[in-house]
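Chains as they are written, first to last, in this note's numbering: chain A, 174 to 436; chain B, 15 to 366; chain C, 628 to 913.
Notes follow once the structure below has been shown.
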Amino acid sequence: MRKGRGFAVYCAGLFSFLYLPLAVMFVFSFNDARRNVVWRGFTLKWYKSLFQNAEMMDAMLTSLELALAAAAIAAVIGMLASYAMVKHKAFRGRGAYDSLLNVPLMMPEVALGVGILTFLVRAGYELDFTALAFSHALICLPYTVAAVRARLISLQESSLEDAAMDLGATEWQAFVKVTLPLAMPAIISGALLSFTVSFQDFVTSFFVAGIGIVTMPIKIYSMIKFGVTPEINALSVCLLLATFLLIGLNAAFAVRPDEASRH
Amino acid sequence: MAEPISRRSFLKAAILAPLIPSLLAACKRADDQKVVNFFNWSNYIGKDTLPEFTKRTGVEVRYDLFADEDEMFTKLRAGARGYDLIVVGDYHIPRFRSLNLIEPIPAESLKNLGNLSPRFRRPGYDPEETTVPYLWGTTGIAYNKRKIKKAPTSWWDLWDPQYKDRVSMLDNVRDCISVAMQLLKIPQTTRDPEDFKKIRELLVKQKPLVKQYSSASYLNSLVAGEIDLAMTWSGDLFQTARENPDLDYVIPKEGTYMWVDCLAMMRGARHRADTLRLIDYLLEPSVAAGIANSVRYATPNQAAQPEVDLVLRKDPRVYPTPALMKQLQLHHVLDSEQSELWSQTWADVKVA
Amino acid sequence: MNRALSWLLSGRRPLASHLLLAPASLWLICFLVIPAAGLIVTSFAKNGPYGVVIWEFGFQNYARAFDPKYLPVLFRTLGFAGATTALCLILGYPLAYFLTFYAGRWRNALLVGLMVPFWSSCLVAYYSWMIVLGKEGLINATLMRLGVLSEPIGFLYTPFAILLGLVYFYLPFTVLPLYASLDKVPRSVIEAAYDLGAGRWTAFWKVTLPLSLPGVVAGCVLTFIPCLGDFLTVEILGGPRYYLLGNLISNQFMMAQDWPFGSALTALLLAGLVGGLWLYQRWEKA
């Protein structure tokens with residue numbers, strides 16, 4: 174196979190397109206000017222004022238709590254669901270579950286948001302933190318299911334669980350001592366992915382968040398609408414750093430040596 | 015046998031884990047006794063107004079913002095138990111009343127109600143005084159003096175083809191439709207579908223010139239040079255002009271409407287006593303003057319006038335001369351049928 | 628306890644499977660199925676004064692949805708979604724190809740790198756584009772400095788800006804399924820094609836591309852359908868002239884206070900989703 178130099182150049186170009194706005198954001202977060210595009214000097218004051226901005230910190234905390242809750246719920250539910258889908262022999266309705274689990278991925282979020290909003294309002298529930306956390310869990314579900322499922326399928330091929338059972342373990346023991354530890358990286362990976370999805374979710378939160386619940390993206394949206402301060406650049410950079418942190422965590426905890434050797 | 019047990023408890027913990035943030039959050043947001051939940055427009059209060067209140071009374075104020083009154087209305091309708099005090103435009107008060115969203119503010123409990131100018135007592139939109147006027151202003155035209163040499167004088171300037179792609183209009187049913195009505199000399203009391211058809215056509219005719227419909231971000235666009243001419247609310251423009259002296263405000267010669275934003279208490283407010291204290295506080299002369307000086311809108315508080323910045327007091331754009339005041343009218347109070355016609359027309363304009 | 632759990636996990640009875648799937652079902656039913664059903668029911672209701680919903684049923688909302696005045700919105704939306712999907716496909720396929728065949732060790736890093744902009748919140752990304760594209764933004768400022776331009780170009784609030792934003796956001800949605808599918812193409816088949824004398828282009832066109840078709844379809848569906856409902860891009864980067872279906876729906880719920888009509892529009896959007904899902908399922912089985 175040729176080295177594919179042309180392709181590499183093309184990809185470099187595409188990636189520059191993807192990262193250009195983020196790079197601009199990064200550079201101008203240190204710009205000592207109220208409005209963005211002229212460089213006036215290096216400063217850290219936007220970061221300082223960001224951390225002193227109570228509303229911002231509040232929104233950040235809310236998003237964090239939401240993401241943690243959503244990721245945890247989605248991880249547990251997703252794991253149970255994938256287990257049933259992969260390990261159990263075919264049962265009636267499995268195809269339906271399969272399709273249904275994919276729907277949140279493909280659904281236009283506006284439909285999901287207004288749907289949940291109407292449902293909750295009609296049913297008389299308050300649009301509180303729990304409602305939003307549960308809605309996020311729904312959106313994250315396909316990701317955890319996909320992550321764990323892939324892993325369980327590849328584990329299936331190595332029949333380790335069967336081996337354990339041949340040696341006298343019950344399904345439960347085999348699950349706890351063999352499957353769970355082996356699947357853990359995938360579960361964590363799915364959870365981390367869910368965390369990011371929930372953290373940056375805007376559309377669903379926009380409709381379902383009741384009054385008083387301000388998530389990070391909602392705060393940024395209102396800043397763009399009301400009046401932007403350069404703090405928003407600093408904020409975006411922090412979000413980017415958080416993303417990289419999560420990726421690092423994923424790499425540290427979730428990569429398995431045998432994945433690399435699959436190809 | 016220690017292993018399986020720890021795994022089991024791990025699973026239990028994993029299932030309980032999501033509940034913990036929920037519980038924490040619930041505790042945090044638990045009903046604090048000494049707090050008022052206040053929902054207001056962005057950029058609509060002085061920087062120190064609320065901290066001063068807290069310092070004086072020990073009551074915290076949870077202050078939330080909106081930039082879009084329709085969005086605010088939806089959120090409130092969708093089940094907002096939570097807010098105690100909100101700011102509502104005069105022409106929206108009937109809507110809130112008929113849906114039973116607000117409660118009358120008992121006038122007896124307010125010491126400072128008398129500070130208001132008589133013009134704002136028992137107004138047409140709220141004869142029973144269930145709400146308290148907060149700030150008032152006008153809607154006019156903002157323009158960039160550097161880019162537009164000849165100052166605009168009429169609403170028709172916003173329809174001028176030479177400003178194609180440099181115009182912005184407020185994203186607000188009331189403001190846009192009333193301008194169209196003024197230009198077409200149609201009274202606000204109309205119910206005639208033909209009238210609304212003409213209004214729609216006029217606004218649609220303007221669409222190719224309009225770069226954005228926006229109620230807040232157009233100010234950034236003005237400053238950034240994306241647009242040069244905008245329909246604006248008076249105080250918002252003056253706030254922006256503080257740092258950008260290129261911007262100017264004009265009340266068109268056809269005249270314009272004045273509107274009054276009022277404080278209203280939500281039905282089921284959980285902190286009534288403290289809310290009333292906050293309203294009373296906002297009616298104090300020095301506080302009202304402080305707010306007016308900061309947000310550059312006009313205060314309906316007569317007792318506050320001496321403490322309002324001289325520059326603002328003398329500025330006819332902020333506090334119009336008596337002659338001009340006579341020309342300013344309040345919006346007509348629409349009933350639900352008319353309201354529907356207005357909303358429908360506006361929706362049609364946006365879709366066209 | 629051990630026995631009960633073991634029975635659950637063994638899956639010898641369908642009941643066990645259903646029980647394990649119960650939490651997921653609960654979630655899907657509560658937050659997906661019931662809301663969707665609720666939307667459909669509301670779509671037949673009437674809108675009362677000040678947005679109160681009146682439960683008198685009829686087809687008026689659907690009739691209204693097909694009113695000629697809304698057709699431009701529909702066509703515009705289909706146009707933008709289609710253009711976005713096509714652009715993402717054209718731009719994304721070479722990237723996926725590179726990742727599969729040429730990237731080697733860098734593959735995972737690049738995949739992650741692809742996702743980072745997507746993960747750091749679309750709002751942040753759109754706002755950054757505003758800085759880059761604005762009349763006093765990076766591009767205009769640079770070009771004017773260099774003397775190439777005397778007047779800034781208005782990039783923002785044009786279809787160009789909207790497409791840019793849409794492609795920026797949806798590119799990973801296209802690339803990932805493409806990559807997954809290309810990855811599954813057995814190298815042996817491609818090698819066989821070369822052995823039989825095919826050139827690179829022929830081998831690609833006649834072997835690789837057809838074999839990657841499931842991924843192409845998946846990518847297109849995963850991009851097109853959500854894109855139909857997008858309203859944020861137009862709100863931030865677009866302008867009043869490019870009102871899309873997502874904006875229309877969002878407005879019914881947020882501004883116009885017409886939940887029945889909004890529900891009808893959403894129901895139509897969901898119909899599109901169902902169609903897309905059906906397509907997706909068919910190709911996944913292939």
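All C-beta atoms, glycine included, are put in the ideal place defined by N, C-alpha and C.
Do L99 (chain B) and F52 (chain B) have their CB atoms nearer than 8 Å?
Taking 8 Å as the Cβ cut-off, L99 (chain B) and F52 (chain B) qualify as a contacting pair.
Rounded C-beta distance between C715 (chain C) and T850 (chain C)? I'm assuming under 8 Å.
Rounded, the Cβ-Cβ distance is 5 Å, consistent with contact.
Taking 8 Å as the CB-CB cut-off, is S202 (chain A) touching chain B?
Output row for S202 (chain A): interface = no.
Using a C-beta cutoff of 8 Å, does Q884 (chain C) count as contacting chain A?
No Cβ of chain A is located within less than 8 Å of the beta carbon of Q884 (chain C).
Closer than 8 Å by C-beta to T893 (chain C): which residues in its own chain qualify, once you throw out the five before and the five after it? Chain order, please.
So the list reads L666, S670 and I876, once near-sequence residues are dropped.
For I360 (chain A) and P867 (chain C), I'd like the C-alpha separation in whole angstroms.
Each residue's Cα considered, the two are about 44 Å apart.
Which residue from C:V802, C:L647, C:L718 and C:P786 puts its Cα closest to that of F264 (chain A)?
Ranking C:V802, C:L647, C:L718 and C:P786 by Cα distance to F264 (chain A) puts C:L647 first.
Taking T167 (chain B) and M272 (chain B) to be in contact with their CB atoms under 8 Å, please state how far apart those CB atoms are, rounded to whole angstroms.
That pair is no contact at about 19 Å.
In angstroms, rounded to a whole number, what distance separates the CA positions of Y870 (chain C) and A891 (chain C)?
When rounded, the separation of the alpha-carbon atoms in Y870 (chain C) and A891 (chain C) is 18 Å.
Where L296 (chain B) and W905 (chain C) are concerned, what is the direct C-alpha to C-alpha distance, given to the nearest angstrom?
The straight-line gap separating the alpha-carbon atoms of L296 (chain B) and W905 (chain C) is approximately 59 Å.
CA-to-CA distance, L273 (chain A) to S644 (chain C), given in whole angstroms:
Take the alpha-carbon of S644 (chain C) and the one of L273 (chain A): they are about 16 Å apart.
M280 (chain A) versus C:I863, C:L864, C:V848 and C:W910, residue with shortest Cα-Cα distance
Among C:I863, C:L864, C:V848 and C:W910, the Cα nearest to that of M280 (chain A) belongs to C:V848.
Short-range partners of chain C found in the stretch 371 to 386 of chain A, where Cβ spacing is below 9 Å:
Within the stretch 371 to 386 of chain A, the residues whose Cβ lies closer than 9 Å to some Cβ of chain C are F372, Q373, D374, F375, V376, F379 and F380, listed in chain order.
Assuming S248 (chain B) and R188 (chain B) make a contact with CB atoms under 8 Å, what is their CB distance in whole Å?
With a contact defined as Cβ atoms closer than 8 Å, S248 (chain B) and R188 (chain B) miss out at about 15 Å.
Along the stretch 671 to 702 of chain C, where does the CB come closer than 9 Å to a CB of chain A? Name the residues.
Per Cβ criterion, the list reads V680.
Here's the rule: buried if 16 or more other CB atoms are within 10 angstroms of the residue's CB, otherwise exposed. What is D206 (chain B)?
By the neighbour-count definition (other C-beta atoms within 10 Å, threshold 16), D206 (chain B) is an exposed residue.
The ligand ATP heavy atoms versus the CB of A269 (chain A): any closer than 7 Å?
In the structure on display, the ligand ATP does not appear, and there are no ligands present to speak of.
Counting contacts by CB-CB distance shorter than 8 Å, is C184 (chain A) in contact with chain C?
So, interface residue.
Roughly how many whole angstroms lie between the Cα atoms of V200 (chain A) and Y220 (chain A)?
Looking at the two C-alpha atoms, the distance is approximately 13 Å.
As assigned by DSSP and simplified to three states, the class of W682 (chain C):
Three-state result, W682 (chain C): coil.
Check Q47 (chain B) in the structure and name its three-state DSSP category.
Three-state DSSP puts Q47 (chain B) in coil, outside helix and strand.
Collapsed DSSP secondary structure at R76 (chain B) in the structure displayed
R76 (chain B) sits in a strand when the DSSP states are folded into three classes.
Quick check on D339 (chain A): buried or exposed, where buried means 16 or more other Cβ atoms within 10 Å of its Cβ?
D339 (chain A) comes out exposed.
Flag V181 (chain B) as yes if its beta-carbon sits less than 8 Å from any beta-carbon of chain C, otherwise no.
False, the Cβ-Cβ gap to chain C never drops below 8 Å.
Does T893 (chain C) get closer than 8 Å to chain A when you measure Cβ to Cβ?
Judged by the 8 Å Cβ criterion, T893 (chain C) is in contact with chain A.
Proximal chain A residues relative to L648 (chain C), where beta-carbon distance stays under 8 Å:
Residues of chain A passing the Cβ test: L253, A254, A257, M258 and Y270.
Counting only the same chain and skipping the five closest in sequence on each side, list residues whose C-beta sits under 7 Å from that of S367 (chain A).
Sequence-distant partners of S367 (chain A) (beyond 5 residues in either direction) whose C-beta falls short of 7 Å from its own C-beta, in its chain, are A243, A244, A247, A248, C313, Y316 and T317.
Does any residue of chain C have a CB that is nearer than 8 Å to the CB of E282 (chain A)?
Residue-level contact by beta carbon holds for E282 (chain A) and chain C, with a gap shorter than 8 Å.
Answer yes or no: does any C-beta atom of chain A fall closer than 8 Å to that of G96 (chain B)?
Among the CB atoms of chain A, one or more fall inside 8 Å of the CB of G96 (chain B).
Along the beta strand (DSSP E) that carries M272 (chain B), what are the first and last residues, could you check?
Its beta strand (DSSP E) spans residues Y271 to M280.
Start and end residues, beta strand (DSSP E) containing D262 (chain B)
D262 (chain B) -> beta strand (DSSP E) spans L261 to V264.
Nonlocal neighbours in the same chain, by C-beta distance under 7 Å from G873 (chain C), ignoring five residues either side:
For G873 (chain C), where only same-chain residues beyond five positions count, the Cβ hits under 7 Å are G856, D857 and F858.
Chain B residues whose Cβ lies nearer than 8 Å to that of L290 (chain A):
A92, listed in chain order.
Would you mind working out which of C:Y806, C:G826 and C:R640 sits nearest L838 (chain C), comparing C-alpha positions?
Closest by alpha carbon: C:Y806.
Could you tell me the boundaries of the beta strand (DSSP E) in which M229 (chain A) lies?
Taken as a continuous stretch (DSSP letters only), M229 (chain A) belongs to no beta strand (DSSP E), being part of the alpha helix (DSSP H) at A227 to K260.
Whole angstroms is fine: what's the gap from S652 (chain C)'s alpha carbon to V276 (chain A)'s?
Here the C-alpha atom of S652 (chain C) lies approximately 13 Å from the C-alpha atom of V276 (chain A).
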